[in-house]
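Number of protein chains: 2
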Amino acid sequence: MTAKELFNQIKRKQSFLCVGLDTELTKIPEHLLTREDPMFEFNKKIIEATNDLAIAYKFNLAFYEVHGAAGWNSLVKTIKYLKAHHPEIFIIADAKRGDIASTARMYAKTYFHSLGCDAVTVSPYLGQDSIAPYLQYEDKWTILLAITSNESFKDFQLIENKQTGNRLFEDVVLQSMHWGSDANMMYVVGATHPEYFAAVRRHAPHHFLLVPGVGEQGGSLQKVAEHGLNDRCGLIVNSSRGIIYADITGNFAVEARKRAQKLQQEMKALLTAKGLI
Amino acid sequence: MTAKELFNQIKRKQSFLCVGLDTELTKIPEHLLTREDPMFEFNKKIIEATNDLAIAYKFNLAFYEVHGAAGWNSLVKTIKYLKAHHPEIFIIADAKRGDIASTARMYAKTYFHSLGCDAVTVSPYLGQDSIAPYLQYEDKWTILLAITSNESFKDFQLIENKQTGNRLFEDVVLQSMHWGSDANMMYVVGATHPEYFAAVRRHAPHHFLLVPGVGEQGGSLQKVAEHGLNDRCGLIVNSSRGIIYADITGNFAVEARKRAQKLQQEMKALLTAKGLI
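Respectively, the protein sequence lines represent chains A and B. Counting along the first sequence from 1, when you hit position 175 you're at 175 in my numbering, and nothing is skipped either side. Counting from 1 along the second sequence, just add 277 to a position and that's the residue number in my numbering.
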């Protein structure tokens, strides 16, 4: 998917919401557990309840891998379903992989070719040659971790570089910008640390940013938008648990929709205020 | 597995060799491709040819994930086979994962509990709370990336910290040492950059180091040993392609054994010179 197509979807849906399908068998409504593939059934219901409000779905692979081959099959089925019924949706494999080039080629093939995702999240620790294989795929996106949403992000991401004076996450953004472009790279910037948004946006004014941490993790959408919105929106804001586990009864999809709608309405107001819709 | 059990195995086998089962269908002998599970058949043959020379096997998950559920099943079967027939072997999931705590808990469950691996490789970019969930498992090991074996390792790993004067990989080692201990943490230090071995060993004199990059990637075992050996060996040196793809005919297992044996003999000499056996 191109940036233009993504922005068109954002304008049409008046939303930059990504729903994170971090599906856990211990958290989904009990009545689904008797189905042949409970994870897929749950995902399908969430997708049907939210696809007009969300522009993207994000799959954190850990939640599927934990069930081995069965989990992998649930993931494949969900992605196939999404592509068949809602081909406009931007699909993110939240893998946070990071490995040497020969291995990265395998991961890229898995997420882009086999699974057909539009984007994959990647960790920067190994540097350029570990990212390059992902950038070979046309109209696919590599989403590099810059500022993560967890508490311990500061252990290493804020280290100041003696030579450049930049903090590590800034060096990650500034160096990697030249590996790809704003047409095939995005950055992860956690909503829980809005004070770093301005720095990332200054270094990368035109890139899309994937923003986890709104909702359960406590990040503020207003602050994210204040620092992060650019002239083609430039934000994909994810909520996982806050939406998909809004309710655990037979009513879960309706409640998930309400939460998604609340975020979408806030996003609509922010996009309007910015003059983007 | 405890460090003591690992060292006992090293002394018994006179080896600190890890064989990397980065199995690719395009590289294994053609006659195996007609089998029901070619990857498992290949792995089994390599294991049978090398298990008296190797103390560990390492599975880079990318090579299995690329085949989806089928690849995952080949991985599970191989690990089950290893545990049933060679229970002394140290099993490493080379996953290089790194995610927030709630996700890390899922990954830890997958590798330690479901797959039954002894160790998992993890990326340090997210800091302490992303590592803590792995350290909850008794007698299991978290292997943190310090210096990776690729060319671009220098992009970020060598950045000098303005406050501490340390390079990033040193801060990773120095900080993370206090998260766990030398009884549940190891570090990855690529054989291709022996000049950094001394620094890691100085900071972490008692930890085991997992060393990729010997063989196809060009690292020298002599230099690794010179800087890395400690009084309980403290090294697990991996070779993947250099061993498993030594030959692609019906003779592949014999040739793989020869390569493994050559490394084991060198290791025996190094262990002897150091007075460890």
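All C-beta atoms, glycine included, are put in the ideal place defined by N, C-alpha and C. Every value quoted in this text rests on a predicted model; they were computed, and no experiment measured them.
Next item on the list: Would you kindly work out how many angstroms separate the C-alpha atoms of B/Ser351 and B/Thr526, rounded to a whole number?
Entry: 21 Å
Next item on the list: Return the bridge partner residues of B/Val466 from the DSSP annotation.
Entry: B/Ile424
Check: In this structure, does DSSP put A/Ala95 in helix, strand or coil?
Finding: strand
Next item on the list: Below 8 Å CB to CB, which residues in the same chain sit around B/Asn443 once its five sequence neighbours on both sides are set aside?
Entry: Glu437 and Leu451
Next item on the list: Please go through the same chain and pick out, in chain order, the residues whose beta-carbon is closer than 8 Å to the beta-carbon of B/Ala409, but skip the five residues on each side of it.
Entry: Ala378, Ala381 and Trp456
Check: Under 9 Å between C-beta atoms, does A/Asp171 make it to chain B?
Finding: yes
Item checked: Cut-off 8 Å between Cβ atoms - residues of its own chain near A/Val76, not counting five sequence neighbours on either side -> Leu115
Checklist line | Residues near B/Lys321 in its chain [Cβ-Cβ closer than 8 Å; skip 5 each side] | finding: Thr355 and Tyr358
Note to self: Can you look up B/Thr419 in the DSSP assignment and give me helix, strand or coil?
What the structure shows: strand
Check: In whole angstroms, what separates the C-alpha of A/Met336 from that of A/Ile55?
Finding: As shown, chain A starts at 1 and ends at 277. That puts residue 336 of chain A outside it, with no answer to give.
Item checked: A/Phe16 vs A/Ile236 beta-carbon contact at 9 Å -> yes
Next item on the list: Report the option in B/Asn328, B/Lys386, B/Tyr341 and B/Thr311 whose CA atom is closest to the CA atom of B/Gln413.
Entry: B/Lys386
Item checked: B/Arg479 classed as buried or exposed, judged by whether at least 16 other C-beta atoms fall within 10 angstroms -> exposed
Margin query: Determine, for B/Leu359, whether the minimum Cβ-Cβ distance to residues of chain A falls below 9 Å.
Written below: no
Next item on the list: Give, in chain order, every residue of the region 55-74 of chain A whose Cβ lies closer than 7 Å to some Cβ of chain B.
Entry: Asn60, Ala62, Phe63, Glu65, Val66, Gly68, Ala69, Trp72 and Asn73
Next item on the list: Determine the DSSP secondary structure at B/Ala481, reduced to helix, strand or coil.
Entry: coil
Next item on the list: Taking all protein chains shown into account, decide if B/His362 is buried (16 or more other Cβ within 10 angstroms of its Cβ) or exposed.
Entry: exposed
Margin query: For a test of the three-state rule: what should DSSP assign to A/Phe153, helix, strand or coil?
Written below: helix
Check: Do we get a CB-CB distance below 9 Å when we pair A/Gly165 with the residues of chain B?
Finding: yes
Item checked: Buried versus exposed call for B/Ala280 [16 or more other C-beta atoms within 10 Å across all chains shown] -> buried
Checklist line | Between the CA atoms of B/Ile424 and B/Leu435 - distance to the nearest angstrom | finding: 9 Å
Next item on the list: Since I believe A/Ala191 is in contact with A/Ser149 (beta carbons under 8 Å), could you give me their beta-carbon distance rounded to a whole number of angstroms?
Entry: 7 Å
Checklist line | Endpoints, alpha helix (DSSP H) assigned at A/Ala225 | finding: Leu221 to Gly228
Next item on the list: List the residues of chain A that B/Gly404 touches, going by C-beta distances under 9 Å, in chain order.
Entry: Thr148, Asn150, Glu151, Ser152, Phe153, Lys154, Asp155, Phe156 and Gln157
Item checked: Residues that A/Leu168 contacts on chain B, provided the C-beta gap is smaller than 8 Å -> Phe433, Ile436 and Leu445
Notebook entry, point to check: What are the residues of the region 365-391 of chain B that lie near chain A, defined by any Cβ-Cβ distance shorter than 7 Å?
Noted result: Lys373, Arg374, Gly375, Asp376, Ile377, Ala378, Thr380, Met383, Tyr384, Lys386, Thr387 and Ser391
Note to self: Runs of 4 residues minimum, wholly inside the region 316-387 of chain B: which ones carry the alpha helix (DSSP H) assignment?
What the structure shows: 339-342, 345-362 and 378-385
Note to self: Contact criterion: CB-CB distance below 9 Å. Does A/Lys162 meet it with respect to chain B?
What the structure shows: yes
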